[in-house]
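S.K.:
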Amino acid sequence: MAPSAEDNDDVLLAGRYGDLDDIHEYVKRHGTEPLAVVRDENENTILHMVCGNGHLDVLEYILPLVPSSLLAAQNSAQSTPLHWAALNKHLAVVQKLVEYPGGPGIDLIDIKNKAGHTPLGEAELAEWDEGATWLVRMMKLDAEDPEKEKDVADDEVGDTCQDIEVEIQDADGQVAKMTINGGSTKLPS
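Note that the numbering used here has the sequence shown beginning at 20, numbered continuously upward.
1) Between D41 and D29, which are expected to be in contact by the criterion C-beta below 8 angstroms, what is the C-beta distance as a whole number of angstroms?
2) Which same chain residues, not among the five before or five after Q93, have their C-beta less than 6 angstroms away from its C-beta?
3) DSSP on K133, reduced to helix/strand/coil?
4) For K159, does the three-state DSSP call read helix, strand or coil?
5) Counting along the chain, where does the alpha helix (DSSP H) carrying L106 start and finish?
6) Let me confirm a value: I81 is counted as buried when at least 16 other C-beta atoms fall within 10 Å, else exposed. Which label applies?
7) Taking the Cβ atom as the reference point for each residue, do E62 and S95 lie within a distance shorter than 8 angstroms?
8) What number of angstroms, rounded off, separates the C-alpha of P123 from the C-alpha of H102?
9) Following the continuous alpha helix (DSSP H) through H67, name the residue where it begins and the one where it ends.
10) Going by beta carbon distance, what residues of the same chain come within less than 7 angstroms of D164, once the five residues before and after it are set aside?
11) Looking at the structure shown, is V185 part of a helix, part of a strand, or coil, going by DSSP?
12) V112 and L139: beta carbons closer than 8 angstroms?
13) Using alpha carbons as the reference points, say which of L127, T152 and L32 lies closest to K108.
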């Protein structure tokens, strides 16, 4: 049986509040297909609700039930579930989204919303150093000097204490600078 508008509203609220029992019941009654297409008035998906509120247990249940393309679904503000997880500082959820097998992976980090922010930009705006550092480490940053890249590839152990300087420019032209040093992050004052 196809879900009613009320059923869809209820499952989105269940995602928002982390009510796994209600989501189980929705799937039992309507199957998994409607779970993948349900949206609210702002085009938020069930993943937006779950990820924005940090419900890792619900996310782990839902991910195998929906197409992996839903991880990159954008709402009316063009934000993805990863934007919401980063904005609200949910590291375990951020990690699950980026590392989900068969999902978009690190490409999620590059998606910009209408404000021109990536999930990394949202983490920085929220002053969430732990999340921003993790996202930067996951990104495949091109080496500025091809010789340096070759030297690193030739070095079996590598220098794990080397500082990494990252500059990110937002849509307004503002530049954020970050230094990553052996697991710690220093932001300029």
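We put the beta carbon where it would ideally sit given N, CA and C, even for glycine.
M.R.: Put simply:
1) The Cβ separation is near 7 angstroms, so the contact holds.
2) Short of 6 angstroms from the beta carbon of Q93, and not among the five residues preceding or following it, lie these beta carbons of its own chain, in chain order: T99.
3) Coil.
4) For K159, the three-state secondary structure derived from DSSP is coil.
5) Element bounds for L106: P100 to L106.
6) With 16 or more other Cβ atoms within 10 Å, it is buried.
7) By the CB criterion at 8 angstroms, E62 and S95 fall inside the cutoff.
8) Rounded to whole angstroms, P123 to H102 spans 14 angstroms at the Cα level.
9) Note, H67: alpha helix (DSSP H), I65 to G71.
10) Below a pLDDT of 50, predicted positions are generally treated as unreliable, and D164, at 46, falls in that range; no measurement from the model is reported.
11) DSSP, reduced to helix, strand and coil, places V185 within a strand of the structure shown.
12) For V112 and L139, no; Cβs fall outside 8 angstroms.
13) Of the listed residues, the one whose Cα sits closest to K108 is T152.
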